[in-house]
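All remarks here apply to the structure that follows.
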């Protein structure tokens, strides 16, 4: 059985010398022409995965900033090249290749490229590939279901299979799934929620099956995450959707991309070498809040009525 090599404090909190594959590092939705996310484009059809595309970009930067050599991918080669240029200017060791991870042959090519770049060894696999078709249950077609299965669950499962020899060869592997919606019900997103919960179960199963090879597996489950585009789509302070989400969130605010990326990075660090098989909610306590309370009452009478009601429970 592998023993933990905790080393010095500096080595425990560093990814220096580690290698990482982050799927979907630039694809889909991002900040059109705004600051450091100007390399990301936002097709209207993909707004439902907007926060995750931003997360992918920030996760690449977080891992690279901690010293890891990172390879990432995107369907759009032109956007990928713009991002690679920005990362090079920042001094990050990031490479990339065009890939549609919903296609088995391209997943195989991606893994082969990664193996060549990192001499057959991979320390970190971040599974971010995914999309959604927001519909009610009865409106989903067989084609919708097949597309979501291949893009979300099948791609993640197959990438883990393909990466397994590389993770094993590294001597200390870490897989992290980013699984929005796997912990709660989300209206008009039934299949996405179902598939993301399957990601969480896959993380638990791999944690047990591959522990003998010193490969850890975890998932993170973010809540509403702020992006430069959210204010355009009723996901801003005062909007109906925002207010509904915040009423469920004890911390009373959405998360920031870096708050998710930092947890993902932690799970990849030597400092987290005994953390495996977990789903970590990054949600301001939203999933723990089965009984939402108002953050403030308008007057003393409302407070008294609420105390009386509680006393009768």
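Residue numbers (our numbering): 25 to 337.
For each residue, glycine too, the CB sits at the ideal point set by N, CA and C.
On the criterion of 16 or more Cβ atoms from any shown chain inside 10 Å, does residue i qualify as buried, or is it exposed?
i, result
"residue 265", "exposed"
"residue 170", "exposed"
"residue 7", "Residue 7 lies beyond the stretch modelled for the chain, which goes from 25 to 337, so this question has no answer here."
"residue 231", "buried"
"residue 309", "exposed"
"residue 12", "Outside the shown range of the chain, which is 25 to 337, sits residue 12, and nothing can be said about it."
"residue 229", "exposed"
"residue 298", "exposed"
Can you give me the Cβ contacts of residue i inside the same chain, cut-off strictly under 6 Å, excluding the 5 residues immediately before and after it?
i, result
"residue 242", "200, 227, 291 and 302"
"residue 116", "88"
"residue 125", "47, 131, 153 and 179"
"residue 182", "131"
"residue 239", "191 and 197"
"residue 250", "278 and 280"
"residue 284", "79, 246 and 306"
How is residue i classed by DSSP in three states: helix, strand or coil?
i, result
"residue 287", "helix"
"residue 54", "Model confidence at residue 54 stands at a pLDDT of 26, short of 50, so the residue's coordinates are unreliable; what they give is reported in the following sentence. In this structure, residue 54 counts as coil in the three-state DSSP scheme."
"residue 267", "helix"
"residue 311", "helix"
"residue 99", "coil"
"residue 143", "coil"
"residue 119", "strand"
"residue 190", "helix"
"residue 240", "strand"
"residue 14", "This structure gives no information on residue 14, because the portion of the chain shown stretches from 25 to 337."
"residue 84", "helix"
"residue 152", "coil"
"residue 296", "helix"
"residue 229", "helix"
"residue 246", "strand"
"residue 89", "helix"
"residue 38", "coil"
"residue 159", "strand"
"residue 138", "helix"
"residue 45", "strand"
"residue 198", "strand"
Going by the beta-carbon positions, is the gap between residue i and residue j smaller than 9 Å?
i, j, result
"residue 45", "residue 246", "no"
"residue 91", "residue 107", "no"
"residue 422", "residue 114", "Outside the modelled stretch of the chain, which goes from 25 to 337, sits residue 422, for which no answer is possible."
"residue 203", "residue 221", "yes"
"residue 82", "residue 96", "no"
"residue 294", "residue 196", "yes"
"residue 93", "residue 134", "no"
"residue 351", "residue 104", "Residue 351 lies beyond the stretch modelled for the chain, which goes from 25 to 337, so this question has no answer here."
"residue 146", "residue 136", "no"
"residue 273", "residue 237", "no"
Alpha carbon to alpha carbon, how far is residue j from residue i? Give it in angstroms, no decimals.
i, j, result
"residue 187", "residue 178", "14 Å"
"residue 280", "residue 150", "19 Å"
"residue 148", "residue 313", "32 Å"
"residue 248", "residue 269", "8 Å"
"residue 289", "residue 296", "10 Å"
"residue 100", "residue 34", "37 Å"
"residue 172", "residue 282", "27 Å"
"residue 311", "residue 271", "12 Å"
"residue 168", "residue 304", "29 Å"
"residue 166", "residue 98", "26 Å"
"residue 102", "residue 112", "16 Å"
"residue 184", "residue 159", "29 Å"
"residue 267", "residue 233", "42 Å"
"residue 263", "residue 127", "38 Å"
So, for residue i: in the same chain, excluding its five sequence neighbours on each side, which residues have a beta-carbon less than 7 Å away from its beta-carbon?
i, result
"residue 132", "186"
"residue 144", "190 and 193"
"residue 40", "91"
"residue 286", "86"
"residue 225", "none"
Leaving aside the five residues before and after residue i along the sequence, list all residues of the same chain whose C-beta is less than 8 Å from its C-beta, in chain order.
i, result
"residue 13", "Residue 13 lies beyond the residue range present for the chain, which begins at 25 and ends at 337; the question has no answer from this structure."
"residue 223", "151, 176, 177, 180, 201, 203, 206 and 243"
"residue 31", "294"
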